[in-house]
Amino acid sequence: MSDADTANTDDGPEMVQINLRLSKAFLEDIDATWEEEGFNSRSEFLRYAARDAVKHPAFSREGWKQIAASEHDLRSGDAELVSREDVVEMMDRDEDDE
């Protein structure tokens with residue numbers, strides 16, 4: 001693991017540190033999002049997002065674009081908030097229809 005550092009933690013699995021290059025604007029969006037969503041840290045938020053991406057690999061790039069558009073609508077007041085549980089339920093119904 002040449003590009004990663006590892007660390008042993010007493011309360012969980014071994015953690016590996018990675019380097020990630022992002023635009024400053026995107027990092028600012030990430031920081032605003034993790035704070036607004038109540039995550040304890042940027043790392044916790046990115047781990048959560050990565051787990052979701054791995055857990056739901058069939059979720060397409062188009063799906064992410066729709067989420068971004070929905071987020072924009074929420075921030076501009078053009079849409080109402082939907083809970084994560086409601087979204088998961090909607091996704092499960094869509095998979096059942098296929």
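Numbering (full-length UniProt numbering), first residue to last: 1 to 98. In this text, a Cβ means the ideal position worked out from N, Cα and C, and glycines have one as well.
Check: Proximity to glutamate 71 [Cα-Cα], best of Ser41, Glu89, Glu37, Gln17; Outcome: Glu37
Check: Close-in-space but distant-in-sequence residues of the same chain around leucine 81 (CB under 8 Å, 5 per side omitted); Outcome: Leu74
Check: Alpha-carbon to alpha-carbon, glutamate 62 and aspartate 86; Outcome: 19 Å
Check: Residue nearest to aspartate 29 in terms of C-alpha spacing, selected from Gly12, Lys55, Arg42; Outcome: Arg42
Check: Exposure label - tryptophan 34; buried when at least 16 CB within 10 Å; Outcome: buried
Check: N- and C-terminal bounds of the beta strand (DSSP E) containing valine 16; Outcome: 15-17
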